[in-house]
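The working numbering runs 7 ahead of the 1-based position in the sequence shown.
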Amino acid sequence: MILYGTDPEIAYTKAGNDKWIFLGMSSTMKYYYEDIMYHDGKFYSITNESEVQVFDLSGDYPVMMLLIERLAPSTEYLDNISGSTINDMYNKYLACSSTGEMFLFLWHRDQTHYPNNGALPRPKDFMLMKVKPEKSHCWATTKDMGNMCLFIGSNNPILIPSKDLEGLKGDHIFSIETFPNEEVDGYTRNVGYFDLKEERWMSFSESSQSPLYLRPPIWFTLSLH
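Take a look at the structure:
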């Protein structure tokens, strides 16, 4: 399953197919997709309205279900930040824990699009929401990732328990943001980690002082399927 297009839509294929199968046309949708993840045999997508859809591709035809409701535009979720502001101004990254909790990491677009402005990220440039779909269908803000670390690179984010990697501290988000439509070698980027508990960003290099020109990391995770 992939995202494609300027206002991303979804396409998928299966082993033995010689073409992509499209799941929607922009003319019939009021939203676009920002991220996709695979978990427990299904694909999960997040829209620009923070709505989560789940896709079951195991049968002859895809089955789509609404899992998490979109953020209400007029509702304030954290420090007077409304749903409409989150939907319009924050990039969205989806991840799921081994216990079934789903996390939505939000990163203000001013920081991801313009890393050369010399300013380090501010605390509210990052937010985290979570939900346990079997108990609720609405996002709630949180500062607790259950002693896990979130890694964000050029593909889908992954959650790793801090106990599994020596030297890692839980409730930290490590990131190198990418620019898929630009020349990688021509851009610096914010490289560092965010401490959820203390709401503090630690940069490995301030872009205005000692630029880092790095290829974006790609995560590889084991699959039993």
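Using N, Cα and C, we set each Cβ at its ideal position, and we do this for glycine too.
- Go ahead and label Ser52 buried or exposed: buried means 16 or more other beta carbons lie within 10 angstroms of its beta carbon, across all protein chains shown. So Ser52 ends up on the buried side.
- Message: Can you look up Asp178 in the DSSP assignment and give me helix, strand or coil?
- Response: Looking at Asp178 - three-state DSSP - the assignment turns out to be coil, as it is neither helix nor strand.
- Query: Just curious, the beta strand (DSSP E) that Met136 is in, first and last residue?
  - Reply: The continuous beta strand (DSSP E) containing Met136 extends over residues Phe133 to Val138.
- Query: Within the chosen definition, does the segment 8-21 reach the segment 36-48 through at least 3 CB pairs nearer than 8 Å?
  - Reply: Flag = yes, the segment 8-21 and the segment 36-48 touch.
- To which residues of the same chain is Lys21 closer than 8 Å at the C-beta, ignoring the five residues directly before and after it? Within the same chain, Cβ atoms closer than 8 Å to the Cβ of Lys21 are found at Leu64, the five residues on either side in sequence being excluded.
- Message: Using CA atoms only, rank isn't needed, just tell me which of Phe62, Met134, Glu108 and Ser104 is closest to Trp114.
- Response: Cα-wise, what sits closest to Trp114 is Met134.
- Query: Is DSSP giving Gly107 helix, strand or coil here?
  - Reply: Residue state, collapsed to three classes: coil.
- Message: Helix, strand or coil for Ser81? Go by DSSP, reduced to three states.
- Response: Ser81: coil per DSSP, three-state reduction.
- Which partner residues of Leu113 appear in the DSSP bridge assignment? Leu113 is bridged to Lys99 and Met134.
- Message: In the DSSP output, what is Leu166 paired with across the bridge?
- Response: Leu166 is bridged to Leu157.
- Item | Own chain partners of Leu74 with C-beta closer than 6 Å, once the 5 adjacent residues on each side are dropped | Taking Leu74 as the centre and dropping the five residues before and after it, the same chain places the C-beta of Val59, Val61 and Pro140 closer than 6 Å to its C-beta, in chain order.
- Residue range of the unbroken beta strand (DSSP E) whose run includes Asp7: This structure cannot speak to residue 7, because the chain is shown only from 8 to 232.
- Straight-line gap, Leu30 to Tyr100 (C-alpha atoms, nearest Å): Rounded to the nearest angstrom, the two C-alpha atoms are 20 Å apart.
- Task: Using the DSSP secondary-structure output, state which residues sit across from Glu16 in a beta bridge.
- Result: By DSSP's assignment, Glu16 forms a beta bridge with Tyr11.
- Query: Between Ile28, His144, Met8 and Asn87, which lies nearest to His46 when the distance is taken from Cα to Cα?
  - Reply: Of the candidates Ile28, His144, Met8 and Asn87, the one whose C-alpha sits nearest the C-alpha of His46 is Met8.
- Report the three-state DSSP secondary structure of Thr149 (helix, strand or coil). Here Thr149 sits in coil by DSSP.
- Select from Pro80, Ala102, Asp171 and Val198 the residue whose C-alpha is nearest the C-alpha of Met44. Of the listed residues, the one whose Cα sits closest to Met44 is Ala102.
- Query: Got a sec? Which residues, its chain only, sit under 7 Å from Lys49 by beta carbon, not counting five neighbours each side?
  - Reply: Correct list, in chain order: Val61, Phe62 and Asp63.
- Task: Please state whether DSSP places Ala199 in a helix, a strand or coil.
- Result: Checking the sequence, you will find Gly at residue 199 rather than Ala. Correct three-state label for Gly199: strand.
- Query: Who are the Cβ neighbours of Lys170 in its own chain at under 8 Å, not counting the five residues just before and after it?
  - Reply: Its chain contains Asn154 as the residues whose beta carbon lies nearer than 8 Å to that of Lys170, once the 5 sequence neighbours on both sides are disregarded; these appear in chain order.
- Query: Taking 8 Å as the CB-CB cut-off, is Asp202 touching chain C?
  - Reply: You won't find chain C in this structure, because it holds only one protein chain.
- Task: Classify Asp171 as helix, strand or coil using the three-state DSSP reduction.
- Result: Reduced to three states, the DSSP call for Asp171 is helix.
- Item | Residues that DSSP places opposite Tyr45 in a beta bridge | Paired residue(s): Phe50.
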